[in-house]
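*Asks:* Sequence order for the protein chains is A and F.
Using this note's numbering, the first residue of the first sequence is number 1, and each one after it goes up by one.
Using this note's numbering, the first residue of the second sequence is number 488, and each one after it goes up by one.
First, the structure itself, so that you have it in front of you.
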Amino acid sequence: MTKGRLFNKAKNTGAIVAMMLFATLLLGACGNDATSTSAPATTAAAAATTAASAATTAAAATTAAGGTATTAAAATTAAATSGPVNLVIWTEGATLGNVDTDPTGKGKYGVYLKQQFEKEHPGVTVTMENHGWDEELRQNLLTALMAGNGPDIVVGENFFQQYAELGALAPLDDVIADVKPNAVPGTYKAAEYNGKIYGLSAFTGTFGFERNCVVYKAAGQDCANPPKTWDDLLKVAQAITDKGAGSKFGYTLQGPAGFSVGAVFRIAVYLGQAGASLCNADCTYPTFNDPKGIPVYEFIRKLNKLAPPGLAFNPDESAVYSELFKGNSANQLAGSWHVTWAKDSNCGDCQYSPIPLPAGGKPYSVIVGNVQYAVLKQSKNVDIAKQWVKFTQRDDVQDLVFPNIGRLPSTKTALTKLRPNVDPATQSFIDTLLNSDLGVLPQWRKDPQKIWTAYNDMLTKILTTDDPIKNILDDAQAQVEKLVPKS
Amino acid sequence: MSITAKQPVSIKEEKPEKVVSGWKTWHYRHRQAFEGWIILVPILVYFFIFNIVPVLLNFFVSFTNWNGVSTDIKFVGIDNYLQYFKEPYPLIIFNTALFAFFILIVQTTVAFFVALLLNQKVFARGLHRALWYIPTLTSAAVVAQIVVIFIAPYGGVFNAILKSVGISPIIWTTDPFWMRVVIVLFSVWRGMGGPVVLFLAALQGVHPELYEAAKVDGANGRKLLWYITVPLIRPMILFVTVTSIIGGFQIFEAVFLITKGGPFNQTNVMLVQIYSDAFTNNNFGVAGAGAMIMMLILLWFSLISMRLLRQG
Numbered sequence: 001m002t003k004g005r006l007f008n009k010a011k012n013t014g015a016i017v018a019m020m021l022f023a024t025l026l027l028g029a030c031g032n033d034a035t036s037t038s039a040p041a042t043t044a045a046a047a048a049t050t051a052a053s054a055a056t057t058a059a060a061a062t063t064a065a066g067g068t069a070t071t072a073a074a075a076t077t078a079a080a081t082s083g084p085v086n087l088v089i090w091t092e093g094a095t096l097g098n099v100d101t102d103p104t105g106k107g108k109y110g111v112y113l114k115q116q117f118e119k120e121h122p123g124v125t126v127t128m129e130n131h132g133w134d135e136e137l138r139q140n141l142l143t144a145l146m147a148g149n150g151p152d153i154v155v156g157e158n159f160f161q162q163y164a165e166l167g168a169l170a171p172l173d174d175v176i177a178d179v180k181p182n183a184v185p186g187t188y189k190a191a192e193y194n195g196k197i198y199g200l201s202a203f204t205g206t207f208g209f210e211r212n213c214v215v216y217k218a219a220g221q222d223c224a225n226p227p228k229t230w231d232d233l234l235k236v237a238q239a240i241t242d243k244g245a246g247s248k249f250g251y252t253l254q255g256p257a258g259f260s261v262g263a264v265f266r267i268a269v270y271l272g273q274a275g276a277s278l279c280n281a282d283c284t285y286p287t288f289n290d291p292k293g294i295p296v297y298e299f300i301r302k303l304n305k306l307a308p309p310g311l312a313f314n315p316d317e318s319a320v321y322s323e324l325f326k327g328n329s330a331n332q333l334a335g336s337w338h339v340t341w342a343k344d345s346n347c348g349d350c351q352y353s354p355i356p357l358p359a360g361g362k363p364y365s366v367i368v369g370n371v372q373y374a375v376l377k378q379s380k381n382v383d384i385a386k387q388w389v390k391f392t393q394r395d396d397v398q399d400l401v402f403p404n405i406g407r408l409p410s411t412k413t414a415l416t417k418l419r420p421n422v423d424p425a426t427q428s429f430i431d432t433l434l435n436s437d438l439g440v441l442p443q444w445r446k447d448p449q450k451i452w453t454a455y456n457d458m459l460t461k462i463l464t465t466d467d468p469i470k471n472i473l474d475d476a477q478a479q480v481e482k483l484v485p486k487s
Numbered sequence: 488m489s490i491t492a493k494q495p496v497s498i499k500e501e502k503p504e505k506v507v508s509g510w511k512t513w514h515y516r517h518r519q520a521f522e523g524w525i526i527l528v529p530i531l532v533y534f535f536i537f538n539i540v541p542v543l544l545n546f547f548v549s550f551t552n553w554n555g556v557s558t559d560i561k562f563v564g565i566d567n568y569l570q571y572f573k574e575p576y577p578l579i580i581f582n583t584a585l586f587a588f589f590i591l592i593v594q595t596t597v598a599f600f601v602a603l604l605l606n607q608k609v610f611a612r613g614l615h616r617a618l619w620y621i622p623t624l625t626s627a628a629v630v631a632q633i634v635v636i637f638i639a640p641y642g643g644v645f646n647a648i649l650k651s652v653g654i655s656p657i658i659w660t661t662d663p664f665w666m667r668v669v670i671v672l673f674s675v676w677r678g679m680g681g682p683v684v685l686f687l688a689a690l691q692g693v694h695p696e697l698y699e700a701a702k703v704d705g706a707n708g709r710k711l712l713w714y715i716t717v718p719l720i721r722p723m724i725l726f727v728t729v730t731s732i733i734g735g736f737q738i739f740e741a742v743f744l745i746t747k748g749g750p751f752n753q754t755n756v757m758l759v760q761i762y763s764d765a766f767t768n769n770n771f772g773v774a775g776a777g778a779m780i781m782m783l784i785l786l787w788f789s790l791i792s793m794r795l796l797r798q799g
């Protein structure tokens, strides 16, 4: 063994010990530094929050009474905050996307959410960030929560029940009692857990029925009278498909892809109309084989035969729905954002109406594109954060939603005020929000990826085979119970 | 210009005549170790914090029911590991091995022959070489989007070609066989740049005189390849083979961006399931167990590769 080797014998032990000591001291120094800077900040922030909350609790903005509401924007009392508070809000693209490039146009809503709140709460700085949506958002949120540096407020659509159960969210009931009656009930249903509300919707959407009248007319169909029942829809879709000779089709259906929920979002509308359910009483465990669902899936199977062949299985959702705008398909279920999308896609004559009903069915739709905010328990500014969530419900804020970002407000007063000033298409979606029974997608407590994969596999079998629907549903239920046993 | 020979340094002369202090003596005796550790400590600290600690934490998490949020963590023994014997995990492990195998065979073979072609003296050789590396540099998300356009069942490029020659369109996305083929092709196409460069570097290390001598002895192209090229670049073939297997087992982007594991879980692979278990299912325990199983598989392949490379 040569003299110069690094690890040659015990004589290097001293060097090793010295280096390890050095590394320990270095790490220790870093640790001490972080602790010493964050502790006073935390204390200051907590003190500021307490003071701010006391002041802002009195600043109730909107009062709902008997279906009408009084805007009290002017009644915003300046909050007396005793120290600087940085309120970090994870928001999404529609709110934040144009804040810098078009602050007086499309970005005005996002700018107002920051500037007005800061104006009314001196000492509070609102920092809005975009950390993605859906999977990307949940991944970022979970990572931030694990690191202990999550935001004060997080945006989301379909996971607040799950996170409330995990203990990550703070209930809002103590501050929203006065604004809750004015919120469209379906818009906070997805954030309701154990009788408490953990999130409120800033803006929302729902499904309606969309038809391309150019395709209707080309097939000699009367577009002025949209289909009112499932049978009407099948009849008109069949006529258009027959006349289209392989180039025009009667319906656009979005099918399954992996564990995505795009397809089930729309099918849930038809299931709800027929009184069928995807889940048990508290909607925590799947019941895919509800007998009331059988006619729904038979209807879906028929519709798929009237759709462009294979289109349902395109994993790109926008490619599926744009076939109607291109004039290749006549009918589809449409989210409320389709109105703007159709215009942008130069759909010459796209029209909207209530969703056709099954015999003996009830009007029903599903809340979608629902941008909710929840306060994280981990937040150092829980009280002021709750005030911000409440602030999104105020009329002066809600009134900015549609003109600036083209989405629908989620309070009854804002929707009622907006209705006379919009086109008939948007009116039909507002009517659905105000008058229909609105549901939300189930949020499985355990292994949602495995359950939605099983659902999508079931749907694939329904659409690609002629096997009896009942057998397919029973097999899917058995598969789910095997994958995710009831706890 | 005069050259002056350096006098050899006498060790005796370097030694201090008397001990000045304990520290200086200690430092003198350990100077090489001291310098070595100064260089090593930053990377060791980094490696410890960002590699060893996460592996140890993951090992701990794999025996718990941690959901990523709650502080109420319970020890569940080997339950999370036993999950890998239940549906759908055996199928997922099988899919992963299947993809790794086919990616290895196709990628290594094609990359070898592409490297052989690129080693010829052809016009714009540099451009050809660069072109083969472009897929590796291209964003996986962009390429996946292009693949989706190609395989779109209605209006997709492949079905348009089939239609033009009178063949009925295929609904690729519901056919497990075709989706597996798409995943393999996507992975091979994206990952081929690296092996091509490695093979090319090895081929350029083969001395041309060996080929000339063999030609004089009457060897044809096939014999040149089999008796000269292949034996001389064998270490590189081994290296590429083993790294391709490891890369194949770590397949993620292709599945996540194109099929999300469907249809019927037939394209689902371990990394995608580990990701889903952690971030969608909030089950970090099962995800941690998956990561440990994955680590053991890759460790095994790494040890084999080290042994093979050492053998030459």
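Beta carbons are placed, not taken as given, at the ideal position from N, Cα and C, and that holds for glycine.
As the structure is a prediction and not an experimental result, all values here were calculated from the model.
Once the 5 residues before and after Thr453 (chain A) are set aside, which same chain residues still bring their CB inside 6 angstroms of it?
*Replies:* Phe259
*Asks:* Mind the definition here: the region 365-377 of chain A touches the region 331-338 of chain A only if three or more C-beta pairs lie below 8 angstroms; say whether that holds.
*Replies:* With a cut-off of 8 angstroms, the region 331-338 of chain A and the region 365-377 of chain A count as touching, because enough Cβ pairs lie within range.
*Asks:* Between Asn545 (chain F) and Met779 (chain F), which are expected to be in contact by the criterion C-beta below 8 angstroms, what is the C-beta distance as a whole number of angstroms?
*Replies:* 7 angstroms between Cβ atoms; contact.
*Asks:* Bridge partners for Asp437 (chain A) per DSSP, in chain order?
*Replies:* A:Tyr364
*Asks:* Does the region 194-204 of chain A come into contact with the region 387-403 of chain A, if we say contact requires no fewer than three beta-carbon pairs (one atom in each stretch) closer than 8 angstroms?
*Replies:* yes
*Asks:* Mapping DSSP to helix, strand and coil, what is Asn552 (chain F)?
*Replies:* coil
*Asks:* Looking at the secondary structure, which residues open and close the beta strand (DSSP E) in which Val99 (chain A) lies?
*Replies:* Membership of Val99 (chain A) in any beta strand (DSSP E) is not indicated, and neither H nor E is assigned to it by DSSP.
*Asks:* Using the Cα positions of Gln351 (chain A) and Asp764 (chain F), report the straight-line distance between them to the nearest angstrom.
*Replies:* 42 angstroms
*Asks:* Step through the CB atoms of chain F and report whether any lies within less than 8 angstroms of the CB of Gln139 (chain A).
*Replies:* yes
*Asks:* May I ask you to report which of helix, strand or coil DSSP gives Trp90 (chain A)?
*Replies:* strand
*Asks:* Give me the residue from F:Asp566, F:Thr551 and F:Gly613 with the minimum Cα distance to Asp559 (chain F).
*Replies:* Of the listed residues, the one whose Cα sits closest to Asp559 (chain F) is F:Thr551.
*Asks:* Output yes if chain F places a C-beta closer than 8 angstroms to the C-beta of Lys305 (chain A); else output no.
*Replies:* no
*Asks:* Show which residues of chain F have a CB atom less than 7 angstroms away from the CB atom of Met146 (chain A).
*Replies:* Gly555
*Asks:* Mind checking Val88 (chain A): buried by the 16 CB within 10 Å criterion, or exposed?
*Replies:* buried
*Asks:* Return no unless some Cβ of chain A is closer than 8 angstroms to the Cβ of Ile530 (chain F).
*Replies:* no
*Asks:* Between which two residues does the alpha helix (DSSP H) containing Tyr698 (chain F) stretch?
*Replies:* Pro695 to Val703
*Asks:* Do Val480 (chain A) and Ile462 (chain A) have their CB atoms nearer than 8 angstroms?
*Replies:* no
*Asks:* Given a cut-off of 8 angstroms, decide if Gln387 (chain A) and Phe159 (chain A) are closer than it, judged by their beta-carbon atoms.
*Replies:* no
*Asks:* Might you give, ordered along the chain, the residues of its own chain that have their beta carbon closer than 7 angstroms to the beta carbon of Arg419 (chain A), omitting 5 neighbours on each side?
*Replies:* Gln427 and Ile430
*Asks:* Using a 10 Å radius around the Cβ and a threshold of 16 neighbouring Cβ atoms, would you call Gly680 (chain F) buried or exposed?
*Replies:* buried
*Asks:* Keeping to the same chain, check which residues put their C-beta closer than 7 angstroms to that of Phe589 (chain F); ignore five residues upstream and five downstream.
*Replies:* Val671
*Asks:* Mind listing which residues of the region 714-748 of chain F have their C-beta closer than 7 angstroms to chain A's C-betas, in chain order?
*Replies:* Thr746, Lys747 and Gly748
*Asks:* Would you list, in sequence order, the uninterrupted beta strand (DSSP E) runs of no fewer than 3 residues that lie entirely inside the region 405-471 of chain A?
*Replies:* 437-439
*Asks:* When DSSP builds the beta bridges, which residues end up paired with Gly335 (chain A)?
*Replies:* A:Phe207
*Asks:* So which residues on chain A does Val635 (chain F) lean against when the C-beta distance must stay under 7 angstroms?
*Replies:* Pro315 and Asp316
*Asks:* Put Val635 (chain F) into one of helix, strand or coil per three-state DSSP.
*Replies:* helix
*Asks:* Run through the DSSP bridge pairs and tell me what Thr229 (chain A) is partnered with.
*Replies:* A:Leu357
*Asks:* At the level of alpha carbons, what is the spacing between Ile405 (chain A) and Tyr109 (chain A)?
*Replies:* 7 angstroms
*Asks:* Is any beta-carbon of chain F found at less than 8 angstroms from that of Asn381 (chain A)?
*Replies:* No, Asn381 (chain A) lies away from the interface with chain F (no Cβ there is under 8 angstroms from its Cβ).
*Asks:* Note the first and the last residue of the continuous beta strand (DSSP E) segment covering Gln372 (chain A).
*Replies:* Val371 to Leu376
*Asks:* Closer than 7 angstroms by beta-carbon distance: list the chain A residues that pair up with Asn752 (chain F), in chain order.
*Replies:* Thr453
*Asks:* Report the neighbours of Ile791 (chain F) on chain A: residues whose CB is nearer than 8 angstroms to its CB, in chain order.
*Replies:* Going along chain A, no residue has its Cβ under 8 angstroms from Ile791 (chain F), so there is no contact; the nearest lies around 27 angstroms.
*Asks:* Could you give the residue range of the alpha helix (DSSP H) that holds Met128 (chain A)?
*Replies:* No alpha helix (DSSP H) contains Met128 (chain A), which is instead part of the beta strand (DSSP E) from Val124 to Asn130.
*Asks:* Shorter than 8 angstroms from the beta carbon of Glu699 (chain F) to some beta carbon of chain A?
*Replies:* no
*Asks:* Return helix, strand or coil for Lys380 (chain A), following the three-state DSSP convention.
*Replies:* Annotated three-state conformation of Lys380 (chain A) is coil, per DSSP.
*Asks:* Comparing C-alpha positions only, which one of A:His121, A:Gly107, A:Ala218 and A:Thr95 sits nearest to Val85 (chain A)?
*Replies:* A:His121
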